[in-house]
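Structure, as structure tokens:
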Amino acid sequence: MRSRTIAMALIVLGLACFSGPAVATLWVLPVTGGPGIDQGEICVHGSTCPGTPSWTVSGNTGVLNNGLEFSYNDATGWAGPLFQTLGPVNFTPTGPQLGPGIFDALTIPMTQTPLPGGGFKITQSAPELGGSSAPTNWTQLVSVSSSPVVTQFTCTVGTGSDHCSGWFGPGGSSSSATSTWEVKDSAGLLYDVALHFDVDVLPEPSTIVMVSVGVLGLVIGRRRLIM
528 MRSRTIAMAL
538 IVLGLACFSG
548 PAVATLWVLP
558 VTGGPGIDQG
568 EICVHGSTCP
578 GTPSWTVSGN
588 TGVLNNGLEF
598 SYNDATGWAG
608 PLFQTLGPVN
618 FTPTGPQLGP
628 GIFDALTIPM
638 TQTPLPGGGF
648 KITQSAPELG
658 GSSAPTNWTQ
668 LVSVSSSPVV
678 TQFTCTVGTG
688 SDHCSGWFGP
698 GGSSSSATST
708 WEVKDSAGLL
718 YDVALHFDVD
728 VLPEPSTIVM
738 VSVGVLGLVI
748 GRRRLIM
């Protein structure tokens, strides 16, 4: 996780070469619980997914508390979810399972808007820039591609009751002609996967790091992260 945070700081430093000195806030939001994976579908490849399910998520799958974290850099406007499921994602009727594992994405463009009473909300404003991943340990199905598209990603920050949600899938809640999250059955038939997550996060004062986009600020930021 330290390398992930430093990578975000390096992105800010790169922008300094073009935009000049500034100060950015790198928000690190540890995951504290929540429903986790709370809905989703497996659909025949090429159909609207979610929307035309062959199998549907049955029940919630919880997430690891305080083990992984979300991040948001208000200078770049980029955010990234990072969480781990505690158990299998179950599908019905008599469907396959997706075993526990890590869901990750790093460079998702966001817009920030203030909220009444304090805090703010960040909302995905454009397609992610790549680098997402999801677990591949399926039963009854075989993973073909596991680089999901992240859509409808949003978080509240600093409200006292913060959470993040969104979709991992072939286009979230809209159809997609070409899926980046595909599985196949024993007959070779392809399916698309779309899963929705909803997790609680809690900004901690010790993990809200002020990072100067100058060289001195980067050094200070690194020292604080190591400490």
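This note's numbering numbers the first residue of the sequence shown as 528 and each following residue consecutively. Heads up, the beta-carbon is just placed ideally off N, CA and C, and yes, glycines get one too.
Look at the Cβ atom of residue i, then the Cβ atom of residue j, and state whether they are nearer than 7 Å.
i       : j       : result
Trp-665 : Tyr-599 : no
Val-590 : Gly-563 : yes
Phe-619 : Ser-581 : Looking at the sequence itself, residue 619 is Thr, so the reference to Phe does not match. No, the Cβ-Cβ distance between Thr-619 and Ser-581 is not below 7 Å.
Gly-607 : Leu-633 : yes
Gln-623 : Leu-668 : As written in the sequence, residue 623 is Pro, which differs from the Gln given in the question. A contact, by the Cβ cut-off of 7 Å.
Gly-567 : Val-726 : no
Asp-719 : Cys-576 : yes
Let's test the definition: count the other Cβ atoms within 10 Å of the Cβ of residue i and tell me whether it reaches 16, buried, or not, exposed.
i       : result
Ala-653 : exposed
Ser-688 : exposed
Gln-679 : exposed
Gly-693 : buried
Leu-595 : buried
Ala-714 : exposed
Leu-656 : exposed
Leu-556 : buried
Val-571 : exposed
Pro-641 : exposed
Thr-612 : buried
Could you please give the first and the last residue of the uninterrupted beta strand (DSSP E) stretch that includes residue i?
i       : result
Thr-588 : That residue, Thr-588, is in no beta strand (DSSP E); it is neither H nor E in DSSP.
Asn-593 : Looking at the DSSP string, Asn-593 is not in any beta strand (DSSP E), and its letter there is neither H nor E.
Val-690 : Residue identity differs from the one stated: residue 690 is His in this sequence, not Val. Note, His-690: beta strand (DSSP E), 689 to 696.
Ser-670 : 669 to 673
With distances taken Cα to Cα, identify the nearest neighbour of residue i among the options.
i       : options                               : result
Cys-691 : Phe-647, Ala-602 and Phe-618          : Phe-647
Val-676 : Ala-661, Thr-588, Ser-713 and Ala-714 : Ala-661
Pro-636 : Thr-621, Cys-682 and Leu-613          : Cys-682
Thr-559 : Asn-593, Val-684, Thr-686 and Gln-651 : Asn-593
Thr-686 : Gln-639, Phe-630, Ser-674 and Pro-730 : Pro-730
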